[in-house]
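Take the sequence shown: its position 247, counting from 1, is numbered 246 in numbering that gives the first Met the number 0, and each next residue is one higher. Below is one structure; the comments refer to it alone.
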Amino acid sequence: MTGEEDRDPAKGPAEVKSGYQKNRAGGPRKGKPWGRFVKAEGKIEELKNYVFDNSDGKGADRFIRTKEQIAHYVSKEMGRYGYDMEYVVETMKEPILQKPEKLGEDADETDKEIWKHECKEYVERKSALAGNLRKLYTILWGQCSEWMQAELKGLDSFRITQLNRNAIELLKNIRATSHSHKTQMNKAHALVKRNIFIHSIKQGRYQSNAQWHTYFINQVNTMAGIGGLIGAHPELVAEEERKLRVSLEIDPSVELEKEEIKECQEAASRRYLAALFLENSDESRYEELVRGLHNSHIHGEDKYPKTVTESLKLINNWKGTPKRRQMMKDGVQFAQTANEDLEEGEEDQETTLVNSGKRNNKRDKIKCFKCNE
Numbered sequence: 000m001t002g003e004e005d006r007d008p009a010k011g012p013a014e015v016k017s018g019y020q021k022n023r024a025g026g027p028r029k030g031k032p033w034g035r036f037v038k039a040e041g042k043i044e045e046l047k048n049y050v051f052d053n054s055d056g057k058g059a060d061r062f063i064r065t066k067e068q069i070a071h072y073v074s075k076e077m078g079r080y081g082y083d084m085e086y087v088v089e090t091m092k093e094p095i096l097q098k099p100e101k102l103g104e105d106a107d108e109t110d111k112e113i114w115k116h117e118c119k120e121y122v123e124r125k126s127a128l129a130g131n132l133r134k135l136y137t138i139l140w141g142q143c144s145e146w147m148q149a150e151l152k153g154l155d156s157f158r159i160t161q162l163n164r165n166a167i168e169l170l171k172n173i174r175a176t177s178h179s180h181k182t183q184m185n186k187a188h189a190l191v192k193r194n195i196f197i198h199s200i201k202q203g204r205y206q207s208n209a210q211w212h213t214y215f216i217n218q219v220n221t222m223a224g225i226g227g228l229i230g231a232h233p234e235l236v237a238e239e240e241r242k243l244r245v246s247l248e249i250d251p252s253v254e255l256e257k258e259e260i261k262e263c264q265e266a267a268s269r270r271y272l273a274a275l276f277l278e279n280s281d282e283s284r285y286e287e288l289v290r291g292l293h294n295s296h297i298h299g300e301d302k303y304p305k306t307v308t309e310s311l312k313l314i315n316n317w318k319g320t321p322k323r324r325q326m327m328k329d330g331v332q333f334a335q336t337a338n339e340d341l342e343e344g345e346e347d348q349e350t351t352l353v354n355s356g357k358r359n360n361k362r363d364k365i366k367c368f369k370c371n372e
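Here you go:
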């Protein structure tokens, strides 16, 4: 016997010496090489599908998703003060703990007992914060792919960050590396691609407003990480500057301060993003809302939201008829008017078949699709 029958079962399957799979005839199979690409996985089983990695140039989006999942995980798994770690992951800042104030001379026994309890709580929370930050460092490092770990080790500050188990500094370095396009793409090209992408994303038909808002904000933050405000167009900035001059009574001949110009640019960006969020919301649900805002603007009433938060509030409170529901109403409907006085053979002129705007008075040919009568 030859082939697989000659092999000792304990030695496992025969090795394939060729770099490509073979077909039944023994020849090389066209297609991919033998083996497959192994996806990077995190060290924590619950977070194994969420990894910090930018080897394919998509690290910015991956960073947002992974950071969000880690925030939920540490809040749940790090005990009584897990919410402090959630805050650290979300903001990349250490929470400020309020130390209990000293009691006055007129404090009674109850006040003293409350103060002692607050002091104990403060000490426990501060101690837990230090320990949890070191644990968080381990979690973050375990969720980095080998590529990400190699990039982080190449940073000048890595040795100090590692020795101090500085989770916040590590997370900032992960963010910087995830948003870096130095090795993957030209900066101008990266900005162009990101601009095209953020203007093309739309709310899904079955996506909730909260999910849509979170996704939109994440993409905006990613864009900000690459560089520059979104939508700070000169026309919008000039309009914001005119409003500022009027409100502060600044003469048009006087130049604005740098901080004031920056404020106008940020206000213009917020207006642009609010309009973009609203425009890209589900058309089947909010087309009527957007049309109403446009009509109001034509009549001299500017009811457009000024921030993304205002846009979200607007679509949440909208009570119009969704386009899908309206389309269902525009299908085949029966409008029948009961008239007991009609004699046999006479047609009721009020009985109509509404179908694409056409009228039909032949009642005997009309049947209900449910009861067939």
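Note that CB positions come from ideal geometry on N, CA and C, so glycine has one too.
If residue 202 and residue 211 are in contact, beta carbons under 8 Å, what's the gap, nearest whole angstrom? At roughly 4 Å, the Cβ-Cβ gap stays under 8 Å, so residue 202 and residue 211 are in contact.
Do you know offhand how far residue 299's Cα is from residue 289's? 16 Å
Beta-carbon separation (whole angstroms), residue 232 vs residue 271, contact threshold 8 Å: 7 Å
Considering residue 142, what are the terminal residues of the alpha helix (DSSP H) in which it resides? For residue 142, there is no enclosing alpha helix (DSSP H), as DSSP gives it neither H nor E.
Closer than 8 Å is the cut-off here; do at least three beta carbon pairs connect the segment 237–256 with the segment 277–285? Touching, no.
Out of curiosity, what's the CA-to-CA distance linking residue 151 and residue 97? 34 Å
Where the alpha helix (DSSP H) containing residue 177 begins and where it ends: 166–177
Please work out which residues of its chain come closer than 7 Å, Cβ to Cβ, to residue 376, disregarding the five sequence neighbours upstream and downstream, and give them in chain order. Within the shown structure, residues of the chain are numbered from 0 to 372, placing residue 376 beyond reach of any answer.
Nearest-angstrom beta carbon gap, residue 105 and residue 94 [assumed within contact, 8 Å]: 32 Å between Cβ atoms; not a contact.
Please say whether residue 230 and residue 268 have beta carbons closer to each other than 8 Å? yes
Taking a contact to mean a Cβ-Cβ separation below 8 Å, would you say residue 88 touches residue 169 in this structure? no
Starting from the C-beta of residue 220, find all residues in its chain whose C-beta is less than 8 Å away, skip the five residues before and the five after it, and write them out in chain order. 63
Can you have a look at residue 1 and say buried or exposed, based on whether 16 or more other CB atoms are within 10 angstroms of its CB? Legend: pLDDT at residue 1 = 47, less than 50; position of this residue unreliable, no value from coordinates given.
Determine the closest residue to residue 208 out of 108, 312, 100, with distance taken between C-alpha atoms. For the options 108, 312, 100, the alpha carbon positioned closest to that of residue 208 is the one of 312.
What does DSSP give as the partner residue(s) for residue 51 in the beta ladder? 143
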